[in-house]
Amino acid sequence: MTKFQCSIAISLVLLQCLAVHVASQSFDFFYFVQQWPGSYCDTQQSCCYPTTGKPAADFGIHGLWPNYNDGSYPSNCDSSSPFNPSEVSDLKSSMQNSWPTLACPSGDGEQFWSHEWEKHGTCSESVLDQHAYFESALTLKQKVNLLQALKSAGITPGGSYSLKSIKDAITEAAGYTPWIECNKDSSGNYQIYQIYLCVDTSGSNLIECPMFPKGTCASEIEFPSF
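Rendered as structure tokens:
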């Protein structure tokens, strides 16, 4: 290989590496996803409470997920950046309260948070480091109190409500249109499971969703007690 050919080859490799890096770090918006614990637990697979005890009867954070406007999303963008509990030690109490794990077997939350950081958070590292990623999600949860928004509209756990009334209540409180994900309870009835709101690439500001995920809900859904 000539010196010129070697130089071209090196340049191509560098360009490929740069392209991979840019692709892994760029995204168009975040989905901020919160889940209702009553619906997580009221399924055939059930749930396990964290080792810290039963979570509050409130929506808990599932994740802050980078997405593209075409519906696809980046994932597992940086294997060299594993979850480090020491980087969020000052947030741990808030995370246990607002971002609890319900997976079995019971855990303290670190496995859940590690999964969220490594699959989703590493794809936003160009904007949010590990601490900022978790702190941003906690701050977003405080911006819109989903449970209070629903209760203010007369929508309380233990009842059945129209999907439209749930969307309208959250839209009024948040100022932006949510997307509602349903799952099915142990009897096969649709129930409110997760609520998606969209956030700009800074991880700070709610925005109208460029697009919604795909999924099925009934026009009337249950809001189970927890």
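As numbered in mature numbering (1 follows the signal peptide of the UniProt record, and there is no 0), residues -24 to -1, 1 to 202 make up the sequence shown, in order. Backbone N, C-alpha and C define an ideal beta-carbon position, used for all residues, glycine too.
Between the C-alpha atoms of CYS23 and GLN87 there is a straight-line separation of about 15 Å. Under a 10 Å Cβ-count criterion, ALA108 is classified as buried, with 16 or more other Cβ atoms of the shown protein chains found around its own Cβ.
The region 20 to 40 and the region 62 to 81 touch, with three or more beta-carbon pairs separated by less than 8 Å. Contact between LEU114 and SER180 is ruled out by a C-beta separation of about 12 Å, above the 8 Å threshold.
For the set CYS185, LYS119 and SER163, the Cα lying nearest the Cα of THR19 is the one of SER163. Under DSSP, ASN52 forms no beta bridge with any residue. Shown here for PRO42: same chain residues with a beta carbon closer than 7 Å to its own, the five before and five after excluded, namely PHE3, PHE6, TYR49, PRO50, HIS96, CYS99 and SER100 in chain order.
Distance from PRO133 to PRO200 at the Cβ level is roughly 6 Å; contact confirmed, criterion being Cβ atoms closer than 8 Å. Annotation for LEU67: no alpha helix (DSSP H) segment contains it, and DSSP assigns it neither H nor E. Rounded to the nearest whole angstrom, the C-alpha separation of CYS174 and GLY47 is 13 Å.
Between LEU182 and ALA150, the beta carbon gap of about 6 Å places them in contact (Cβ cut-off 8 Å). For GLU196, the closest alpha carbon among the candidates TYR172, GLN21, THR177 and ILE131 is that of ILE131. Boundaries around GLN10 are those of the beta strand (DSSP E), 5 to 11, since no alpha helix (DSSP H) includes it. Measuring C-alpha to C-alpha distances from CYS53 to each of TRP93, PRO31 and ASN165 identifies TRP93 as the nearest.
VAL175 is bridged by DSSP to PHE6 and LEU182. Of GLN10, CYS185, PHE8 and SER15, the smallest CA-CA separation from ASN165 is found for SER15.
Between the C-alpha atoms of LYS119 and THR153 there is a straight-line separation of about 15 Å. SER90 is positioned such that its CB atom lies closer than 8 Å to that of PHE59. It is roughly 32 Å from the alpha-carbon of GLY85 to the alpha-carbon of ALA129.
Our two residues, TRP155 and GLY39, have alpha carbons roughly 15 Å apart in a direct line. Looking at the DSSP output, TRP93 shares a beta bridge with no other residue. Per the DSSP secondary-structure output, LEU40 pairs in a beta bridge with PHE8.
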